[in-house]
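**Q** Residue numbers (our numbering): 271 to 1093.
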Amino acid sequence: MVKPRSLPISWGHVSEAVVQPESQYEEGNQDESIDSKTSVPSDESVENHSPAGRVIAGQIFLDSEESELESPPQEDEDNLRSQEGESIAEEISFLESPNPENKDYEELTKVRKPALTALEGTAHGMFLDKEYDECTSDGREDGRLWCATTYDYKADEKWGFCETEEEAAKRRQMQEAEMMYQTGMKILNGSNKKSQKREAYRYLQKAASMNHTKALERVSYALLFGDYLTQNIQAAKEMFEKLTEEGSPKGQTALGFLYASGLGVNSSQAKALVYYTFGALGGNLIAHMVLGYRYWAGIGVLQSCESALTHYRLVANHVASDISLTGGSVVQRIRLPDEVENPGMNSGMLEEDLIQYYQFLAEKGDVQAQVGLGQLHLHGGRGVEQNHQRAFDYFNLAANAGNSHAMAFLGKMYSEGSDIVPQSNETALHYFKKAADMGNPVGQSGLGMAYLYGRGVQVNYDLALKYFQKAAEQGWVDGQLQLGSMYYNGIGVKRDYKQALKYFNLASQGGHILAFYNLAQMHASGTGVMRSCHTAVELFKNVCERGRWSERLMTAYNSYKDGDYNAAVIQYLLLAEQGYEVAQSNAAFILDQREATIVGENETYPRALLHWNRAASQGYTVARIKLGDYHFYGFGTDVDYETAFIHYRLASEQQHSAQAMFNLGYMHEKGLGIKQDIHLAKRFYDMAAEASPDAQVPVFLALCKLGVVYFLQYIRETNIRDIFTQLDMDQLLGPEWDLYLMTIIALLLGTVIAYRQRQHQDMPVPRPPGPRPAPPQPARRRSNPLCPPDGRQTRKGFAENACIRCRILDQWSPPPGRGTRKR
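(1) Val-807 and Ala-578: beta carbons closer than 7 Å?
(2) Nearest by alpha-carbon distance to Asp-608: which of Leu-533, Tyr-627, Ala-858 and Leu-934 is it?
(3) With distance defined between alpha-carbon atoms, name the residue in Met-480, Gln-452, Ile-944 and Val-839 nearest to Lys-512.
(4) Can you say whether Val-610 is buried or exposed, counting buried as having 16 or more other CB atoms within 10 angstroms of its CB?
(5) What residue does the alpha helix (DSSP H) around Ile-840 start on, and which one ends it?
(6) Three or more beta-carbon pairs under 8 Å between the region 864 to 873 and the region 887 to 905, yes or no?
(7) Could you name each continuous alpha helix (DSSP H) segment of 4 residues or more that falls completely within the region 738 to 817, going from the start of the chain to the end?
(8) Cα separation between Ile-840 and Ala-506?
(9) What's the C-alpha gap between Ala-478 and Leu-486?
(10) For Tyr-875 and Leu-942, what's the separation of their Cα atoms in angstroms?
(11) What residue range does the alpha helix (DSSP H) around Ser-829 cover?
(12) With DSSP as the reference, label Arg-967 as helix, strand or coil.
(13) Could you please give the first and the last residue of the uninterrupted alpha helix (DSSP H) stretch that includes Tyr-482?
(14) Do Tyr-498 and Arg-468 count as a contact pair if the criterion is CB distance below 7 Å?
(15) Within a Cβ cutoff of 7 Å, which residues of the same chain sit near Thr-825, ignoring the five residues on either side of it in sequence?
(16) Could you give the C-beta distance for Gly-798 and Lys-764, rounded to a whole number, given that I count them as a contact under 8 Å?
(17) State yes or no: is the C-beta of Met-677 within less than 7 Å of the C-beta of Ala-705?
(18) Measuring only the C-alpha atoms, how far is Tyr-1096 from Cys-575?
(19) Should Met-756 and Gly-749 be called a contact, given that it needs their Cβ atoms to be closer than 7 Å?
(20) What residue from Glu-448, Thr-580 and Ser-538 has the CA that sits closest to Gly-570's CA?
(21) Three or more beta-carbon pairs under 8 Å between the region 952 to 967 and the region 920 to 933, yes or no?
(22) Of all the alpha helix (DSSP H) runs that stay within the bounds of the region 435 to 504, which reach a length of 4 or more residues?
(23) Hey, Gly-635 and Phe-679 are a contact pair by Cβ (cut 8 Å); roughly how many whole angstroms apart?
(24) Can you have a look at Pro-519 and say buried or exposed, based on whether 16 or more other CB atoms are within 10 angstroms of its CB?
(25) Going by other Cβ atoms of all chains shown within 10 Å of its Cβ, with 16 needed for buried, is Glu-686 buried or exposed?
(26) Which of the three DSSP states, helix, strand or coil, is assigned to Gln-728?
(27) Which first and last residues belong to the alpha helix (DSSP H) in which Leu-699 is found?
(28) Roughly how many angstroms lie between the CA atoms of Tyr-563 and Glu-847, to the nearest whole one?
(29) Give every residue of the same chain whose Cβ lies closer than 6 Å to the Cβ of Leu-543, excluding the five residues on either side of it in the sequence, and list them in chain order.
(30) Does DSSP put Gly-553 in a helix, a strand or coil?
(31) Can you tell me the Cβ-Cβ gap for Gly-681 and Gly-713, rounded? I've got them flagged as a contact below 8 Å.
(32) CA-CA distance, Ser-315 and Val-585?
(33) Is Ala-777 closer than 7 Å to Ala-785 when the C-beta atoms are compared?
(34) Any heavy atom of the ligand MN closer than 6 Å to the beta-carbon of Phe-738?
(35) Starting from the Cα of Ser-594, find the closest Cα among Lys-464, Arg-818, Gly-413 and Arg-660 and give me that residue.
(36) Could you compute how far the alpha carbon of Cys-1073 sits from the alpha carbon of Arg-1028?
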């Protein structure tokens, strides 16, 4: 068994991590504020001459290991120049020569680079026992002006050169660009209004026009995706090329994406791989993720599980370290094919009316609504943006009403701390104790964390283990994760990898991202289990797809719902490059529907086929059936019934798809891609009807048609086959005769159903039986003022007719139970 390489990450290791603010699909660190980057050095910093470093005129010169530099010998200045001038000139020319083996040249360029930030080229420095307050060329055979130096040609030979007018103008321009960039970022991260975000990008565009690298990265991605700027792929491409020339990993990765997808350039997987590789070497996490997926699936490279593991593990380490105590945001995966084909299916999104209804209930004091809205705003998702302020307010209301769940989540927020809630171990411990005393598993887990890491209390592993066990017994994933970590590391218990594996598996079933990460580490190193590279890669891939770039899924979905199909398909295509199966299927669906105009008509189906294929390889049933359809009808490829049959069979065997079974039945019936077999056709039709109730009607029609085909085949094989030898239904009724027959059968079936429904409606409604009839009474003629008792005619005309009608009525009675019987 391989010894574990490192401890698995648990909440305790990442409790100080904060949820990242709004992402613009960048993997870099958050941008620093203006004060931390562009502030002018103070007088104290300029005059500082500490041994660790010396700040002179805005430049930092690292001293040598010696704390004090030796002063040059006390000689006459002219004599020194004459004696050492030649050697100085040689050394300077050597220093300035771009010799790859010249290590001092590298240091010289580092000195020159910060010269752009020098303060008007003045400084206080000693050189040859003479103090200089402004630029001078003393000691320089080339006449170049300098303003500061730690000059000792026997030791450092470092110069701080004065700015030229061109350099000064460039420095001022970069300072202005930095101010523009910081202003734009402040607006961008501080508001959710589209109008203000557009204003922020105007500042960023100005900074980008001044060649500010970070602004160029922001604006180029915004132009690519159409984020608050008009989408312009060509302009984005030019910016990416400029960034690539400057060595920007983000620019290299984006250019690789353009070549991989053929947007704005001719598609070239070889160039894409080169740019992705350079981006990964520069530390771009998106590039690492793309390469991990390509090595895992064998796209453009030889399939290599170990190479995929290397890239995915690196990205997963960053994702796991960013997970906060509250868990971060929720990844919402919505499949466009399923949503369009089944409009009634719940996509997981909450309607605005429903959210307002819950808000109304919460305002009226409904505790469950308050807790639900608090969790929704804490993690985000389901169409609701993450908002810690609202989450805190709702939890506070519910906690004041005595809800233990709200108390526990308040403890989490105080334990982690944020801009909204100040970090306080004491307050967190207070809420955790109150919730744990009420038996709440979230509070028990939080209290266990406090005892495990000594947050507000003394470290006590026994109590930590006790509370984690209580939380785990109630199925709370945090308790299961921490219990697994204690068994893995042997903290408070004897080290037991099997128990650790058990609890990590339980936590992973609840969707805990760190449980997936720890399981991946165990499978990658073979700790407690047999080493499995394939399993480790799948688990690491799952972790990587929970990174902050996954927020782009919802952005793409919102673009699609708003009718901006071009923006949606580009975002899905980039996520598809990273290996998101849902993005691959959604991109293929948009291309299949021909809704995006950025792709030429001749390119639509081939690209859709490519992404259907990638999604199918990750187990998506609809994508597998689509592959069969594309090969059956020749969309984006040649008609190939054999390949179509293979895809349908895979979907039938692996995913038990009723649609695939029906298609297999049809191909067996017609002999397409397989030998004709009526019996197998019926078998697949029956299997489709059993697999899905929705398939019963089409299966019934197909079986009716199949019966006709079977009858004709039987006739051909009987003794009278000579009569029907020449009978060919395709020639007699045309190649589409089976469709005509199915239409006729469907019409007949509809007629029968309609007739039966009408007949059912015309049937009299059954009535309850009436009371028992009364015993027979002596016959008595009805009294009629127009008919005398003896039946004689008293009046002419009308009276006579009335008497006749009266006698007729006397001979009949209403139905039994509703009147008198017939006499």
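Where is the CB? At the ideal position from N, CA and C, for every residue including glycine.
None of these values were measured; they are calculated from a predicted model.
**A** Based on what the coordinates show:
(1) Taking the sequence shown and counting its residues from 1, one reaches residue 807 at position 537. Taking the sequence shown and counting its residues from 1, one reaches residue 578 at position 308. Going by C-beta atoms, Val-807 is nearer than 7 Å to Ala-578.
(2) Here residue 608 refers to the residue found at position 338 of the sequence shown. Residue Ala-858 is the option with its Cα nearest to Asp-608.
(3) Residue mapping note: residue 512 aligns to position 242 of the sequence shown, counting from 1. Ranking the options by Cα distance to Lys-512, first place goes to Met-480.
(4) The residue labelled residue 610 in the question sits at position 340 within the sequence shown. That one is exposed.
(5) The residue given as residue 840 occupies position 570 in the sequence shown. 835 to 847 is the extent of the alpha helix (DSSP H) around Ile-840.
(6) no
(7) 747 to 759, 767 to 779, 783 to 795 and 803 to 814
(8) Here residue 840 refers to the residue found at position 570 when the sequence shown is read from its first residue. Here residue 506 refers to the residue found at position 236 when the sequence shown is read from its first residue. Using only the alpha carbons, I get a separation of about 13 Å.
(9) Here residue 478 refers to the residue found at position 208 of the sequence shown. Here residue 486 refers to the residue found at position 216 of the sequence shown. One alpha carbon belongs to Ala-478, the other to Leu-486, and they sit about 5 Å apart.
(10) Your numbering for residue 875 matches position 605 in the sequence shown. Your numbering for residue 942 matches position 672 in the sequence shown. Cα-Cα distance, rounded: 23 Å.
(11) The sequence position of residue 829 within the sequence shown is 559, counting from 1. Taken as a continuous stretch (DSSP letters only), the alpha helix (DSSP H) holding Ser-829 covers 822 to 831.
(12) Translated into the one-based positions of the sequence shown, residue 967 becomes position 697. In the sequence as displayed, the identity of residue 967 is Val instead of Arg. It is helical.
(13) Mapped onto the sequence shown, residue 482 falls at position 212. This sequence places His at residue 482; Tyr is not what is there. Counting along the chain, His-482 falls outside any alpha helix (DSSP H), and DSSP gives it neither H nor E.
(14) Looking up residue 468 in the sequence shown gives position 198. Looking up residue 498 in the sequence shown gives position 228. Yes.
(15) In the sequence shown, the residue the question calls residue 825 occupies position 555. Contacts found: Gln-841.
(16) On the sequence shown, residue 798 is found 528 positions in, with the first residue counted as 1. On the sequence shown, residue 764 is found 494 positions in, with the first residue counted as 1. About 14 Å; that fails the 8 Å criterion.
(17) As a first step, residue 677 is located in the sequence shown; it is residue number 407 there, counting from the start. As a first step, residue 705 is located in the sequence shown; it is residue number 435 there, counting from the start. For Met-677 and Ala-705, yes; Cβs fall inside 7 Å.
(18) Limits of the chain in this structure are 271 at one end and 1093 at the other, which puts residue 1096 out of reach.
(19) In the sequence shown, counting from the first residue as 1, residue 756 sits at position 486. In the sequence shown, counting from the first residue as 1, residue 749 sits at position 479. The answer is no: Cβ separation not under 7 Å.
(20) Counting from one through the sequence shown, the residue named residue 570 turns up at place 300. Comparing Cα positions, the closest option is Ser-538.
(21) Cβ pair count under 8 Å is three or more, so yes.
(22) 435 to 460, 464 to 479 and 483 to 495
(23) Counting from 1 along the sequence shown, the entry for residue 635 is found at position 365. Counting from 1 along the sequence shown, the entry for residue 679 is found at position 409. Not really, about 18 Å apart at Cβ, beyond 8 Å.
(24) Here residue 519 refers to the residue found at position 249 when the sequence shown is read from its first residue. Per the 10 Å Cβ criterion, buried.
(25) Along the sequence shown, one-based indexing puts residue 686 at 416. With 16 or more other Cβ atoms within 10 Å, it is buried.
(26) Looking up residue 728 in the sequence shown gives position 458. Gln-728: coil per DSSP, three-state reduction.
(27) Here residue 699 refers to the residue found at position 429 of the sequence shown. First-last of the alpha helix (DSSP H) with Leu-699: 695 to 707.
(28) As a first step, residue 563 must be located in the sequence shown, where it is residue number 293. As a first step, residue 847 must be located in the sequence shown, where it is residue number 577. Each residue's alpha carbon lies about 8 Å from the other.
(29) Here the question's residue 543 lines up with position 273 in the sequence shown. Shown here for Leu-543: same chain residues with a beta carbon closer than 6 Å to its own, the five before and five after excluded, namely Gly-570 in chain order.
(30) For the purposes of this step, residue 553 is taken as the residue at position 283 of the sequence shown. Here Gly-553 sits in coil by DSSP.
(31) As a working note, residue 681 is residue 411 in the sequence shown. As a working note, residue 713 is residue 443 in the sequence shown. With a Cβ gap of about 7 Å, Gly-681 and Gly-713 count as contacting.
(32) By 1-based counting over the sequence shown, the position of residue 315 is 45. By 1-based counting over the sequence shown, the position of residue 585 is 315. Confidence at Ser-315 is low in this model, with a pLDDT of 34, below 50, so the placement of that residue is unreliable and no value is reported for it.
(33) For the purposes of this step, residue 785 is taken as residue 515 along the sequence shown, with counting starting at 1. For the purposes of this step, residue 777 is taken as residue 507 along the sequence shown, with counting starting at 1. It is a contact, given that the beta carbons lie within the stated cut-off.
(34) The ligand MN is not part of the structure shown, which contains no ligands of any sort.
(35) Position 324 of the sequence shown, counted from the first residue, corresponds to residue 594. Ranking the options by Cα distance to Ser-594, first place goes to Arg-818.
(36) As a first step, residue 1073 is located in the sequence shown; it is residue number 803 there, counting from the start. As a first step, residue 1028 is located in the sequence shown; it is residue number 758 there, counting from the start. Reliability of the predicted coordinates at Cys-1073 is poor, the pLDDT of 43 falling under 50, and the value obtained from them is presented with this limitation in mind. Spanning the two alpha carbons is a distance of roughly 43 Å.
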